[in-house]
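Structure, as structure tokens:
Number of protein chains: 2
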Amino acid sequence: MQEIKVELTQNPKQKPADESKLGFGKIFTDHMYIMEYNPEKGWHNPRVEPYHAISLEPSAMVFHYGQEMFEGMKAYKTEDGRILLFRPDKNIERANNSNRRLCIPEIPAEDFLNGLKKLVEVDQDWIPTQPGTSLYIRPFVIATDPFLGVRPSDTYLFMIILSPSGAYYESGLDPVKIWIEDDYVRAVRGGIGEAKTGGNYVASLKAQVKAHDEGYSQVLWLDGVERKYIEEVGAMNIFFKINGKVVTPVLNGSILPGVTRASCIDLCRHWGLEVEERRISVDELVAAAKDGSLEECWGSGTAAVISPVGHLRFEDSVMQIGGGGIGPVSQKLYDTVTGIQTGKLEDTLGWTVRVK
Amino acid sequence: MQEIKVELTQNPKQKPADESKLGFGKIFTDHMYIMEYNPEKGWHNPRVEPYHAISLEPSAMVFHYGQEMFEGMKAYKTEDGRILLFRPDKNIERANNSNRRLCIPEIPAEDFLNGLKKLVEVDQDWIPTQPGTSLYIRPFVIATDPFLGVRPSDTYLFMIILSPSGAYYESGLDPVKIWIEDDYVRAVRGGIGEAKTGGNYVASLKAQVKAHDEGYSQVLWLDGVERKYIEEVGAMNIFFKINGKVVTPVLNGSILPGVTRASCIDLCRHWGLEVEERRISVDELVAAAKDGSLEECWGSGTAAVISPVGHLRFEDSVMQIGGGGIGPVSQKLYDTVTGIQTGKLEDTLGWTVRVK
Numbered sequence: 001m002q003e004i005k006v007e008l009t010q011n012p013k014q015k016p017a018d019e020s021k022l023g024f025g026k027i028f029t030d031h032m033y034i035m036e037y038n039p040e041k042g043w044h045n046p047r048v049e050p051y052h053a054i055s056l057e058p059s060a061m062v063f064h065y066g067q068e069m070f071e072g073m074k075a076y077k078t079e080d081g082r083i084l085l086f087r088p089d090k091n092i093e094r095a096n097n098s099n100r101r102l103c104i105p106e107i108p109a110e111d112f113l114n115g116l117k118k119l120v121e122v123d124q125d126w127i128p129t130q131p132g133t134s135l136y137i138r139p140f141v142i143a144t145d146p147f148l149g150v151r152p153s154d155t156y157l158f159m160i161i162l163s164p165s166g167a168y169y170e171s172g173l174d175p176v177k178i179w180i181e182d183d184y185v186r187a188v189r190g191g192i193g194e195a196k197t198g199g200n201y202v203a204s205l206k207a208q209v210k211a212h213d214e215g216y217s218q219v220l221w222l223d224g225v226e227r228k229y230i231e232e233v234g235a236m237n238i239f240f241k242i243n244g245k246v247v248t249p250v251l252n253g254s255i256l257p258g259v260t261r262a263s264c265i266d267l268c269r270h271w272g273l274e275v276e277e278r279r280i281s282v283d284e285l286v287a288a289a290k291d292g293s294l295e296e297c298w299g300s301g302t303a304a305v306i307s308p309v310g311h312l313r314f315e316d317s318v319m320q321i322g323g324g325g326i327g328p329v330s331q332k333l334y335d336t337v338t339g340i341q342t343g344k345l346e347d348t349l350g351w352t353v354r355v356k
Numbered sequence: 357m358q359e360i361k362v363e364l365t366q367n368p369k370q371k372p373a374d375e376s377k378l379g380f381g382k383i384f385t386d387h388m389y390i391m392e393y394n395p396e397k398g399w400h401n402p403r404v405e406p407y408h409a410i411s412l413e414p415s416a417m418v419f420h421y422g423q424e425m426f427e428g429m430k431a432y433k434t435e436d437g438r439i440l441l442f443r444p445d446k447n448i449e450r451a452n453n454s455n456r457r458l459c460i461p462e463i464p465a466e467d468f469l470n471g472l473k474k475l476v477e478v479d480q481d482w483i484p485t486q487p488g489t490s491l492y493i494r495p496f497v498i499a500t501d502p503f504l505g506v507r508p509s510d511t512y513l514f515m516i517i518l519s520p521s522g523a524y525y526e527s528g529l530d531p532v533k534i535w536i537e538d539d540y541v542r543a544v545r546g547g548i549g550e551a552k553t554g555g556n557y558v559a560s561l562k563a564q565v566k567a568h569d570e571g572y573s574q575v576l577w578l579d580g581v582e583r584k585y586i587e588e589v590g591a592m593n594i595f596f597k598i599n600g601k602v603v604t605p606v607l608n609g610s611i612l613p614g615v616t617r618a619s620c621i622d623l624c625r626h627w628g629l630e631v632e633e634r635r636i637s638v639d640e641l642v643a644a645a646k647d648g649s650l651e652e653c654w655g656s657g658t659a660a661v662i663s664p665v666g667h668l669r670f671e672d673s674v675m676q677i678g679g680g681g682i683g684p685v686s687q688k689l690y691d692t693v694t695g696i697q698t699g700k701l702e703d704t705l706g707w708t709v710r711v712k
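These protein sequence lines are chains F and A, in that order. Each residue of the first sequence is one higher than the one before, counting from 1 in my numbering. Each residue of the second sequence is one higher than the one before, counting from 357 in my numbering.
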């Protein structure tokens, strides 16, 4: 494990006065973590520095060929002053899965975790503590070769930045309305859908704007081949409760393997619920909504944690789920996951990691 | 049309001494063009400045959500000292098609062309003149909002940089070997395949590395739905001559609409060749190679212009085309397109635009 140099800021910023007005991903802390890669030294020179703009050549490959990877995590401060990360090993493992798909050199897991802990420790006073708030953590890698040919870059920057944040959706735990898209496609098997990389997100914007214009907050994607099977919600994975069983799309190569998704599956099974990871066609969903067997629907993701879905729309079918309210499994998952994350519930599953 | 401010460098760089060693996209000129966007002012403040690194917040959306668009063009200096662009209107039109797909605000065509001309004029002494060389032009847009939620950015930078370049492939006009990929996928209908954006290129790297390791210089992609129909070569479109007819994949939404592709189609038809834009299955190709009716194959793109293909490989089928040499149509297209671009041939089709 490499030693991290720490340079503390001489000009600390003013911390947000009102934690109810943080928003999401808008405010950044006093410091950032940075590590460089080149073929000679590998990943090297890890350091914590005052938060600052980065300077890149206009020819830097990230601007042209999209070679970039990111992760999303959160840190919480418990009532007794501990600082907790939630399953960081899973994010680090996924980051390196993404890196492999994107031809980015893998980051040593221990350096990743060490950088994460050090940065959060340095900026621990920025962790908000109001209900629903957290310190959002954004690790990311960008390709920096100043070169316009298409090939993997030889040089990279790995950075971590921190943002004290409120709920991802302004509506908080209120049920969201989701638009099932059958025109645009987010990702396809064989592509980069299971990697956490910009290309999947820019591909989603057009449909997201369309859905917003129609009054829907998110887009639920169908598979790119048959345009028939439910995939994910871009910023979240999706779960249904149909006829008493919890059902979620099976990871097929074009769906992001969510850490919150995996945690929901584990918890539901732990509670004795039957969980199926399988293909779910949109027709099955519409039929289940019609005959009343679609009991609940929720999204899972690091940013939103659990987001109940009150409405789904596919073409002309508008499906109201559970009377548009928060279902009991959604509520229990939210309470349990955030309870473990914030240290209010005992972490019997060993999911949290203490920063210090 | 907005007026462009010009600030000339006080420290001009040394120009490359040996034009035979330029490589591609490695050397950049003394100046760059930049224009900014925000919702209040629209695209504004167009200027030519000394070439310099750009400073961005680590939270700039381009690093996270891949909202970036680029174009590729070339400028040539004729023997009588004129400076020519090749069909810039087509690239500008395509740039705005890409922008629309990517939720990037459109760039006024006249400001785009004006910026292009002004920058090339300022750096005209950088245009190389040896055969096979040109001034490669890279316009690009990046999203700059310092924000971690997923939505279109409100602010952008549009830049143009210039790179005096030799042949895109080090082998020059020598026939290349191409690997037909059936494991990874570049793009799918409904996705971003027809937009010129980083996400399509990063998706291609893994297969490109695999092909390189097998001794192939490029990857020919199959469609993402049926994994059966020929699409494009990432950096080029693809043409075949089968049984006397020129055949190229029809634009289907996941193929980049190449300017050189369109020019090849026009020229071939002008010469009395029959050109079909249609679906071509890889099975048809393998069969045509076997029975001898696959007479020629070439790629077309701004960077490589025309690149003859001597070998294709699909799974266990290795297809040698035209004895592995340069076919007559490939050669004639190369000579004609580069002849028009460099002013050596009369531009009867009105494809070139004078910079000054």
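Glycine is no exception: its CB is placed at the ideal position from the N, C-alpha and C atoms.
request  = Pick out the complete beta strand (DSSP E) segments inside the stretch 206-249 of chain F, 3 residues or longer, and give them in chain order.
outcome  = 218-221, 237-242, 245-249
task = Report all residues from its chain with a CB closer than 7 Å to the CB of A/Ile682; omit the five preceding and five following residues, and keep chain order.
result = Leu529, Pro531, Pro664
Interface positions of the stretch 373-400 of chain A facing chain F (Cβ-Cβ less than 9 Å), listed along the chain = Gly379, Phe380, Gly381, Lys382, Phe384, Met388, Ile390
task = Taking C-beta pairs closer than 9 Å, name the residues in chain F that A/Gln366 reaches, listed in chain order.
result = By Cβ distance, chain F contributes nothing, its closest Cβ being about 19 Å from A/Gln366, past 9 Å.
query = Between which two residues does the alpha helix (DSSP H) harbouring A/Val497 extend?
reply = No alpha helix (DSSP H) contains A/Val497, which is instead part of the beta strand (DSSP E) from 490-499.
ask   = Does the stretch 336-355 of chain F come close enough to the stretch 65-80 of chain F that 3 or more CB-CB pairs lie under 8 Å?
value = yes
query = From what residue to what residue does the beta strand (DSSP E) around F/Tyr156 run?
reply = 156-165
inquiry  = In whole angstroms, give me the CA-to-CA distance for A/Phe442 and A/Gly657.
reply    = 12 Å
inquiry  = Just to confirm, is the Cβ distance from F/Tyr229 to F/Trp179 under 8 Å?
reply    = no
inquiry  = For a cutoff of 8 Å on Cβ pairs, would you count A/Lys562 as touching chain F?
reply    = yes
Contact the stretch 272-281 of chain F vs the stretch 290-304 of chain F: 3+ CB pairs below 8 Å = no
key: Meets three-Cβ-pair contact criterion under 8 Å: the stretch 669-686 of chain A and the stretch 413-421 of chain A   = no
request  = List in chain order: all unbroken alpha helix (DSSP H) runs of 4+ residues lying wholly within the stretch 51-102 of chain F.
outcome  = 62-65, 88-101
query = If we cut at 8 Å on Cβ distances, does F/Thr155 have a partner in chain A?
reply = no
message = Does the CB of A/Gln370 have a neighbour CB from chain F at under 8 Å?
response = no
key: Limits of the beta strand (DSSP E) - the one that F/Ser330 falls within   = Per DSSP, F/Ser330 belongs to no beta strand (DSSP E); it is in the alpha helix (DSSP H), 328-341.
query = Is the stretch 447-454 of chain A in contact with the stretch 516-525 of chain A, if contact means three or more CB pairs nearer than 8 Å?
reply = no
query = Quick one: Cα of A/Val565 to Cα of A/Val558, how far?
reply = 11 Å
task = Could you round the C-beta distance between F/Ile4 and F/Val48 to whole angstroms and report it? I think they count as a contact, below 8 Å.
result = 6 Å
request  = Enumerate, from N- to C-terminal direction, the unbroken beta strand (DSSP E) stretches of 3 or more residues contained entirely within the stretch 292-321 of chain F.
outcome  = 294-301, 305-314, 317-320
Beta carbon proximity, F/Phe240 to chain A, threshold 8 Å = no
request  = Taking F/Lys206 as the reference, give the member of A/Ile463, A/Arg669, A/Val506, A/Ile611 with the closest Cα.
outcome  = A/Val506
key: Within-8 Å CB hit, A/Arg494 to chain D   = In the structure shown, chain D does not exist; the protein chains are F and A.
ask   = Could you give the residue range of the beta strand (DSSP E) that holds F/Lys118?
value = Segment 109-122 is the alpha helix (DSSP H) holding F/Lys118; no beta strand (DSSP E) there.
Simplified DSSP state of A/Gly398, which is helix, strand or coil = strand
query = F/Ser281 by DSSP, collapsed to three states: which one?
reply = strand
key: Buried versus exposed, by CB contacts within 10 Å (16 or more), A/Pro487   = exposed
inquiry  = For A/Arg443, would you say it is in contact with chain F, using Cβ-to-Cβ distances shorter than 8 Å as the test?
reply    = no
ask   = Does the stretch 574-583 of chain A come within contact of the stretch 540-557 of chain A, defined as at least 3 CB pairs closer than 8 Å?
value = yes
task = Determine the chain A residues that contact F/Pro58 at a beta-carbon separation under 7 Å, and present them in chain order.
result = Met388, Ile410, Met515, Ile517
ask   = I think A/Val497 touches A/Glu570, with their Cβ atoms under 8 Å apart; what is that distance to the nearest whole Å?
value = Contact doesn't hold; Cβ gap of about 35 Å is too wide.
task = Spatial neighbours of A/Cys459 within its chain, please: CB distance less than 8 Å, with the 5 preceding and 5 following residues excluded, ordered by chain position.
result = Gln423, Pro508
query = Which residues in chain F sit within 7 Å of A/Gln687, going by Cβ to Cβ distance?
reply = Result: empty, since nearest Cβ-Cβ is about 25 Å, beyond 7 Å.
query = Quick one: what's F/Pro146 bridged to in DSSP?
reply = F/Ala60
key: Cβ pair A/Leu299, A/Leu612 closer than 8 Å   = The question about residue 299 of chain A has no answer here: the residues shown for chain A are numbered 357 through 712.
ask   = Taking Cβ-Cβ distances below 7 Å as the criterion, which residues of the stretch 99-131 of chain F are in contact with chain A?
value = Arg101, Leu102, Cys103
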